[in-house]
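Peer 1:
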Amino acid sequence: MTGIRFHADHIEPGIEPGAQIWPSGPFQRVSSASNPSTMTAEAWAQSQHIRWEAKGTIRLITPSSSWKTVGFRAHQEARARLADLSRPYGAAVLEGLLLGDRSAVPESGQKAFMATGSGHLLAVSGLHVGGAAAFVVWGVLLMARRLRSAHPYTWALMAAVPTVLTMLALAQNPVSAQRAACM
């Protein structure tokens, strides 16, 4: 994945994550000339998967859909709540497990996950979506049986749909989670 860092002189209103935009300005490869310290701009950009940078204006082509906006805001709220936890390493791992964002997990933690063969846990996929859906189905099924509902399985499966959609929104709709949600 290649990213672009853009310094905007002017941003039109309505530009949010998920919107289609048209950045204008000269694009150039990230160079270390903009930061003479030991942590160069090039090293930082590489750690963030940013290869290009530009400066100019951003024009809105198509605004973000309400689904993407709600998902982005839910994701940001979840990140803020995790950041408030008293254990930063645990919060970073939870951010990877629940939101699929491994950037908060320290490099040593990522290496430990990879060395143990459990690095896939830091990407929201079938395990996460299916696990959340199964947990909700199980809970609703128990409750529906206890209340002697006529159709406990129907209620349980209907409760899984918003759970799966919420997982997709929180993880910001990655392809692996979309595939798991369809299944």
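The C-terminal position of the sequence shown is numbered 303 in our numbering, with every residue numbered one higher than the one before it. We put the beta carbon where it would ideally sit given N, CA and C, even for glycine. Keep in mind it's a predicted model, so treat the numbers as computed, not measured.
Could you give the first and the last residue of the continuous beta strand (DSSP E) run that contains leucine 247?
Peer 2: Sequence index remark: in the sequence shown, residue 247 carries index 127 (1-based). From DSSP, leucine 247 is part of no beta strand (DSSP E) but of the alpha helix (DSSP H) over 246-266.
Peer 1: Whole angstroms is fine: what's the gap from glycine 259's alpha carbon to methionine 303's?
Peer 2: By 1-based counting over the sequence shown, the position of residue 259 is 139. By 1-based counting over the sequence shown, the position of residue 303 is 183. Straight-line Cα distance between these residues: approximately 21 angstroms.
Peer 1: Threonine 236 by DSSP, collapsed to three states: which one?
Peer 2: As a first step, residue 236 must be located in the sequence shown, where it is residue number 116. Note: threonine 236 maps to coil in three-state DSSP.
Peer 1: From the DSSP output, in three-state form, read off serine 206 for me.
Peer 2: Translated into positions along the sequence shown, residue 206 becomes position 86. Serine 206 sits in coil when the DSSP states are folded into three classes, being neither helix nor strand.
Peer 1: Give the secondary structure of alanine 61 by DSSP, where H, G and I count as helix, E and B as strand, and everything else as coil.
Peer 2: In the structure as shown, the chain starts at 121 and stops at 303, and residue 61 therefore has no counterpart that could be examined.
Peer 1: How long is the line joining the alpha carbons of proline 146 and isoleucine 170, rounded to whole angstroms?
Peer 2: Here residue 146 refers to the residue found at position 26 when the sequence shown is read from its first residue. Here residue 170 refers to the residue found at position 50 when the sequence shown is read from its first residue. Roughly 16 angstroms separates the two Cα atoms.
Peer 1: Take every Cβ of the stretch 249-267, pair it with every Cβ of the stretch 177-196, and state whether three or more of those distances are shorter than 8 angstroms.
Peer 2: no
Peer 1: Proline 282: which of Pro294, Gly134 and Ala301 sits nearest, CA to CA?
Peer 2: Position 162 of the sequence shown, counted from the start, is the residue given in the question as residue 282. Among Pro294, Gly134 and Ala301, the Cα nearest to that of proline 282 is on Ala301.
Peer 1: Here's the rule I'm using: 16 or more other beta-carbon atoms within 10 Å means buried, otherwise exposed. How should isoleucine 178 be labelled?
Peer 2: Numbered from 1 along the sequence shown, position 58 holds the residue referred to as residue 178. Counting the other CB atoms within 10 Å of its CB gives isoleucine 178 a total of 16 or more, which places it among the buried residues.
Peer 1: Return the residue from the list Ser206, Leu277 and Gly239 that minimises the CA-CA distance to alanine 252.
Peer 2: The count along the sequence shown starts at 1 and reaches residue 252 at position 132. The candidate whose alpha carbon is nearest that of alanine 252 is Leu277.
Peer 1: Which residues does DSSP pair with leucine 218 in a beta bridge?
Peer 2: Counting from one through the sequence shown, the residue named residue 218 turns up at place 98. Answer is none; leucine 218 lacks a bridge partner.
Peer 1: If you follow the beta strand (DSSP E) that leucine 180 is part of, which residue opens it and which one closes it?
Peer 2: Along the sequence shown, read from residue 1 onward, the residue named residue 180 stands at position 60. Unbroken beta strand (DSSP E) run through leucine 180: 170-182.
Peer 1: Please classify serine 269: does DSSP put it in a helix, a strand, or coil?
Peer 2: Walking along the sequence shown from the start, residue 269 turns up at place 149. In the structure shown, serine 269 sits in coil (DSSP, three-state: anything other than H, G, I, E or B).
Peer 1: Measuring CA to CA, which of His248, Ser245 and Phe126 is closest to tryptophan 102?
Peer 2: One cannot answer for residue 102 here, as it falls past the ends of the chain, which runs 121 to 303.
Peer 1: Going by DSSP, name the residue or residues bridged to histidine 127.
Peer 2: Taking the sequence shown and counting its residues from 1, one reaches residue 127 at position 7. Histidine 127 pairs with Lys175.
Peer 1: So for proline 137, helix, strand or coil by DSSP?
Peer 2: Numbered from its first residue, the sequence shown carries residue 137 at position 17. In this structure, proline 137 counts as coil in the three-state DSSP scheme.
Peer 1: Could you compute how far the alpha carbon of leucine 285 sits from the alpha carbon of threonine 189?
Peer 2: Counted from its first residue, the sequence shown places residue 285 at position 165. Counted from its first residue, the sequence shown places residue 189 at position 69. One C-alpha to the other measures close to 14 angstroms.
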